[in-house]
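Working notes, beginning with the structure itself.
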């Protein structure tokens, strides 16, 4: 009896203590570490974190603001190490399959189920599917945070001056570029990012697709096709009307040339770059630039999606808090706030339709269309290598070191070796 | 007998003291180097962790690739041009500023200034100087009625532009070492030469330079080994472009390792670079030791 009493007494003391300790741990302060981006993405994250902390004072944040390559390196090194140092990570969509394949991300479908929640249908389905592996209908590993879609920009006043109501074909772009070159001294007819690797390829892909070419056909490289040759030859012809230093042009140079009124057309702009296009304090072309889907050619226009996704590393020690935060980050209110204050493109139908935002960012309908029907870059483990090889040879063709055919043959050979 | 015991005790004590340092060296140098050497024989994807032994395939493929060969040649061109010009200009500066004169301390401070600034800051500044449309250099050229130059955007000038930045940053290092060497030469030696009727150039070429040959060789070695690993300036100024004209071995390794996470290929390229740097170091060290003896 004495023994029984001692056990009961011990349990009476230990159980409440354990419960209290567990409760205290749940409600105690949590620090979420976000591996994020620099620039406008970083500013948007600051705003979201500030708003979240107001509602959840027990959650603190550490935000790493890194450039794209730095973020990729640090993510891989950290996730491979498995120390659980990161709780939330931003991921560029072409890189997502590599992380998913490695099994480094938390299964969000399971988390939704565990918490009796469902994915909000207001999020653009095509954008949500980017976070699935296998793409597009597998398990969900990431939510769409930044709804970047590559778009085409042109000066409406100039295009109209040369008899065009809108630009439907890439041939129109070339014809207008020729006329601007002849008749508009001091004006740059065409702008794009010419830096080798990702920038030049990203700018070129809408042309490549519009000419009927593709990177991989049935999993095999398809660079040595007549369609690919036509696309590259067209690009080289168009590039004759680009600025002299286009091989060093990055997003900043394209944006500055467009917003200062020097550029007539930009074959690639991303909503994240041009948030201030209609801001009269920063832009000389308010109301003059049309941002639309890309022209077509052999094929109709197909926008290229370049979303930034947000996921939770498998080894995070604060998965529940991280899950709550990424849902908050992708909620309508937060997307509206981020879009309004930093120009970050939302990934929700409803936010694209807010009249104040549409007035501020007139390209929202085109952006939403692009998100709904746009294409993603090939889902392959080797995308970064393919992109690098393609970008290297594309730039070599651009500076006249090799012809379009030589460049494409080399890319075909190198990519075949890669995929072997 | 006692002497033998003492000797063993002495040796044991010596090894005991030496052991921690040896362990640190083994851990920090030998272990990573042997890991890289081992990995270089595998197809090794860092993300999935998949490894497959492929013998010398990484080496044969890399050596057969045009990009690697171009990176190697660019590295050699950069190393030879930058290190020799830096040492030459460093010697020239040390000669020009030799002796005591008013303002020497300030002049020396100004000269060594580039060396103490962060490379990334230097690159940001030079990038604006080199800018094709709004850069200082092209502004001057166009004011003089000359054609602007595509410093960083023309494949024929991009590598030379990076060499120029490196020379600007590291000539002060050569100057400092040579100047220290010149300061240690007794003044009487020059006076005696002058009394014997030696002219300035004879003193420079027949007395000063031979005495300084050890320092010159040392600074040449340090700059050669450093320039051979060129990465930061390429990363910040050109990203390896245009058209791979500024690709270097370090950049090649970085791309394979941290963009593609192909650790097998990155390791093989590192081993090739390591052997080449070791060969260069050995060449200089032998020369330096010969100088000493």
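Chains as they are written, first to last, in the working numbering: chain A, 1358 to 1777; chain B, 4 to 296. Note that the Cβ used here is the ideal one computed from N, Cα and C, for glycine as well. All values derive from a computational prediction rather than experimental measurement.
- Residue 88 (chain B) has its alpha-carbon roughly 23 Å from the corresponding atom of residue 203 (chain B).
- Across the set A:1562, A:1435, A:1512, A:1463, the C-alpha of A:1512 shows the shortest separation from the C-alpha of residue 1648 (chain A).
- If you draw a straight line from the Cα of residue 101 (chain B) to the Cα of residue 1446 (chain A), it is about 57 Å long.
- Taking the Cα of residue 1659 (chain A) as reference, the smallest distance to any Cα among A:1604, A:1563, A:1639 is reached at A:1563.
- In chain order, 96, 175, 178 place their CB closer than 7 Å to the CB of residue 114 (chain B), counting only its own chain and leaving out the 5 sequence neighbours on each side.
- Using a CB distance cut-off of 7 Å, residue 1756 (chain A) counts as an interface residue toward chain B.
- Among the residues of chain A, those whose CB is under 8 Å from the CB of residue 258 (chain B) are 1745, following chain order.
- Burial check for residue 1639 (chain A): the Cβ neighbour count within 10 Å stays below 16, so the residue is exposed.
- For the pair residue 233 (chain B) and residue 249 (chain B), the CB atoms are not nearer than the 7 Å cut-off.
- With a beta-carbon spacing of about 6 Å, residue 1530 (chain A) and residue 1652 (chain A) fall inside the 8 Å limit used to define contacts.
- Using beta-carbon distances, residue 1737 (chain A) does not count as an interface residue toward chain B, since no partner is under 7 Å.
- Proximity of residue 40 (chain B) to chain A, defined by a Cβ-Cβ separation below 7 Å, is not satisfied.
- Residue 1724 (chain A) is positioned such that its CB atom lies no closer than 7 Å to that of residue 1581 (chain A).
- At a cut-off of 7 Å between C-beta atoms, residue 213 (chain B) does not count as an interface residue with respect to chain A.
- Around the beta carbon of residue 53 (chain B), a 10 Å sphere encloses fewer than 16 other beta carbons of the protein chains shown; the residue is thus reported as exposed.
- In the DSSP assignment, residue 1422 (chain A) falls within the beta strand (DSSP E) that extends over 1416–1423.
- Taking CB atoms only, residue 1635 (chain A) has no neighbour in chain B less than 7 Å away.
- Closer than 7 Å to the CB of residue 51 (chain B) there is at least one CB belonging to chain A.
- Here the alpha carbon of residue 268 (chain B) sits roughly 26 Å from the alpha carbon of residue 83 (chain B).
- For residue 1602 (chain A), the neighbours in chain B by C-beta distance under 7 Å run, in chain order, 135, 136, 153, 156.
- If you look at residue 1740 (chain A), you'll find it in the alpha helix (DSSP H) that goes 1740–1755.
- Interface residue (Cβ-Cβ distance to chain A less than 7 Å): residue 203 (chain B) is not classified as such.
- Counting only the Cα atoms, residue 255 (chain B) lies some 22 Å from residue 1606 (chain A).
- Within the DSSP secondary-structure output, residue 1579 (chain A) pairs in no beta bridge.
- Rounded to the nearest whole angstrom, the C-alpha separation of residue 238 (chain B) and residue 17 (chain B) is 46 Å.
- With respect to the 7 Å criterion, residue 1643 (chain A) and residue 1599 (chain A) are not classified as neighbours on the basis of their beta carbons.
- At a beta-carbon threshold of 7 Å, the residues of chain B lying near residue 1742 (chain A) are 263, ordered along the chain.
- Between residue 1553 (chain A) and chain B, the shortest Cβ-Cβ separation is below 7 Å.
- Shortest Cα-Cα distance from residue 51 (chain B) to any of A:1436, A:1399, A:1416 involves A:1436.
- For residue 242 (chain B), the neighbours in chain A by C-beta distance under 8 Å run, in chain order, 1552, 1553, 1554.
- In terms of beta-carbon proximity, residue 245 (chain B) lines the interface with chain A, with at least one pair separated by less than 7 Å.
- Residue 1693 (chain A) is outside the set of residues whose beta carbon lies under 7 Å from a beta carbon in chain B.
- Within the stretch 1386–1407 of chain A, not one residue has a Cβ closer than 7 Å to any Cβ of chain B.
- Within chain B, the C-beta atoms nearer than 9 Å to that of residue 1753 (chain A) come from 158, 245, 246, 247, in chain order.
- Between residue 1417 (chain A) and residue 1388 (chain A), the C-beta gap is smaller than 7 Å, which places the two residues in contact.
- Per DSSP, the continuous beta strand (DSSP E) segment holding residue 1620 (chain A) begins and ends at 1620–1626.
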